[in-house]
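Written below as structure tokens is the structure these notes are about.
Protein chains: 2
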Amino acid sequence: MDPIQKKNALRKLTYGLYIATARDAESVAGGTINWLSQASFEPPLIMAGIKRDSRLHQAIENSRAFAVHVVGKSQKNMATTFFKGAEETNGKLNGFAFAKGATGAPVLADPPAWFECRVLESFHRGDHTIFVCEVVEAGVRSEEEPLTIREAGFNYAG
Amino acid sequence: MDPIQKKNALRKLTYGLYIATARDAESVAGGTINWLSQASFEPPLIMAGIKRDSRLHQAIENSRAFAVHVVGKSQKNMATTFFKGAEETNGKLNGFAFAKGATGAPVLADPPAWFECRVLESFHRGDHTIFVCEVVEAGVRSEEEPLTIREAGFNYAG
Chain L
112 MDPIQKKNAL
122 RKLTYGLYIA
132 TARDAESVAG
142 GTINWLSQAS
152 FEPPLIMAGI
162 KRDSRLHQAI
172 ENSRAFAVHV
182 VGKSQKNMAT
192 TFFKGAEETN
202 GKLNGFAFAK
212 GATGAPVLAD
222 PPAWFECRVL
232 ESFHRGDHTI
242 FVCEVVEAGV
252 RSEEEPLTIR
262 EAGFNYAG
Chain V
112 MDPIQKKNAL
122 RKLTYGLYIA
132 TARDAESVAG
142 GTINWLSQAS
152 FEPPLIMAGI
162 KRDSRLHQAI
172 ENSRAFAVHV
182 VGKSQKNMAT
192 TFFKGAEETN
202 GKLNGFAFAK
212 GATGAPVLAD
222 PPAWFECRVL
232 ESFHRGDHTI
242 FVCEVVEAGV
252 RSEEEPLTIR
262 EAGFNYAG
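Keeping their order, the protein sequence lines are chains L and V.
With the numbering used here, you'll find the first sequence wraps up at 269, consecutive numbering, no jumps.
With the numbering used here, you'll find the second sequence wraps up at 269, consecutive numbering, no jumps.
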């Protein structure tokens, strides 16, 4: 396999942009992710690839749950602040309002849609862990269209 | 959880449109899929959700390999023909040229990019199986932009 062809082919896949958050005994954690897809209608399952050496990964491993937020077309800046993780200050997460969700994960107030999920299985074969999760809570807050990673001008594939 | 909120939140996820193909001892098989994402850079892994009761699923289970083709912006019609599976007639697949790939899966000639992958693990928890696979061959054939499922006017989520 030619590694350049492999990189360029994998970069043709289409992704959204999502903010994932979790909380363990230590603190909140968060990150901007794009390797995410639904994986079953019934039960409602999703699969997500989360960077192995991240604080978000650690918090998901510890709490076995996380929240996913769909980034809206106007919210590129919000997504950018989560590239470096999440920090709770004055009751906000990277400056954004949130509330504690059903799983304990922080649920941000502003994204157009969100869901919380509980980890059923994880697969540790590569540099990201694949978490297979059941969606246990969800909500839609606005009709704002989702931002794709291509529209945002970011790239995380290959 | 409110099932309507769950459905609407999951429908805000962003997906491309892909044609997956496989071959087992019986015949070729194929389908249009969208639940697909990269899952690791090193090794290059992908994860795909494949409908459990489909002929494509059966051929992947048997051959432990499949090919994925990125559908280009001009190729909505090609994707549509694979909604009902794949049939080999006069050396073509649903009327489209293909060649046998490294894994034995049929590789279509027209899509802008494709890769072949071998199944490492599978999770059978929902109505779709999650196949975790290593990318073993790949190619890019044109600079045509990928079609998203939203642009195509299709919907497979919720």
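All residues carry an ideal CB built from backbone N, CA and C; glycine is no exception.
Computed from a predicted model, the values in this text were never measured in an experiment.
is_contact[residue i, chain B] using C-beta, thresh 8 Å
| i | result |
| --- | --- |
| Met189/V | Here chain B cannot be found, since the structure's protein chains are L and V. |
Any non-hydrogen atom of the ligand SAH closer than 7 Å to residue i Cβ
| i | result |
| --- | --- |
| Lys118/V | Ligands in the displayed structure: none, and consequently the ligand SAH is not present. |
Chain-ordered neighbours of residue i on chain L, where CB pairs are closer than 8 Å
| i | result |
| --- | --- |
| Pro257/V | Lys123, Leu124 and Thr125 |
| Phe226/V | Lys117, Ala120 and Leu121 |
Test item: CB-CB of residue i and residue j under 8 Å
| i | j | result |
| --- | --- | --- |
| Val218/L | Ala178/L | yes |
| Ala263/V | Ala190/V | yes |
| Phe152/L | Asp113/V | no |
| Val181/L | Trp146/L | no |
| Val223/V | Gly196/V | Correcting the residue type first, residue 223/V is Pro in the shown sequence and not Val. Taking 8 Å as the Cβ cut-off, Pro223/V and Gly196/V do not qualify as a contacting pair. |
| Phe234/L | Val246/V | no |
| Gln149/V | Gly160/L | yes |
| Arg236/L | Leu231/V | yes |
| Ser174/V | Gly215/V | yes |
| Thr259/L | Thr192/V | no |
| Ser185/V | Glu255/V | yes |
Under the three-state DSSP convention, the category residue i falls into
| i | result |
| --- | --- |
| Ser253/L | coil |
| Phe265/V | coil |
| Pro217/V | strand |
| Gln169/L | helix |
| Gln149/L | strand |
| Met158/L | strand |
| Leu258/L | coil |
| Lys211/V | strand |
| Leu128/L | coil |
| Ala190/V | helix |
| Ala197/V | coil |
| Ser138/L | coil |
| Lys203/V | strand |
| Ser174/V | helix |
Where residue i falls, given that 16 or more other Cβ within 10 Å makes a residue buried
| i | result |
| --- | --- |
| Thr200/L | exposed |
| Pro154/L | exposed |
| Asn205/L | buried |
| Lys123/V | buried |
| Glu137/L | exposed |
| Phe194/L | exposed |
| Gly212/L | buried |
| Ala210/V | exposed |
| Ala170/V | buried |
| Ala220/V | exposed |
| Ala176/L | buried |
| Ala133/V | buried |
| Ala208/V | exposed |
Residues that residue i contacts on chain L, provided the C-beta gap is smaller than 9 Å
| i | result |
| --- | --- |
| Glu153/V | Gly237 and Asp238 |
| Val230/V | Per Cβ cutoff of 9 Å: no residues; Val230/V is ~12 Å from chain L at best. |
| Val246/V | Met112, Lys117, Ala120 and Leu121 |
Under 9 Å by beta carbon: chain V residues contacting residue i
| i | result |
| --- | --- |
| Ser253/L | Neighbours of Ser253/L on chain V: none; closest Cβ ~10 Å, over 9 Å. |
Chain-ordered neighbours of residue i on chain V, where CB pairs are closer than 8 Å
| i | result |
| --- | --- |
| Pro223/L | Lys123 |
| Gln186/L | Correct list: empty, because the minimum Cβ distance to chain V is about 12 Å. |
| Val181/L | Ala120, Lys123 and Leu124 |
Contacts that residue i makes with chain V (C-beta to C-beta distance below 7 Å)
| i | result |
| --- | --- |
| Ala150/L | Trp146, Gly160, Gly237, His239 and Ile241 |
| Gly250/L | Gln116 and Ala120 |
| Leu156/L | Arg236 and Gly237 |
Under 7 Å from the C-beta of residue i: neighbouring residues of chain L
| i | result |
| --- | --- |
| Ala268/V | Gln149 |
At a cut of 8 Å, does the region 241-254 of chain L reach the region 115-131 of chain L through at least three beta carbon pairs?
Fewer than three beta-carbon pairs drawn from the region 241-254 of chain L and the region 115-131 of chain L are found closer than 8 Å, and the two stretches are therefore not classed as touching.
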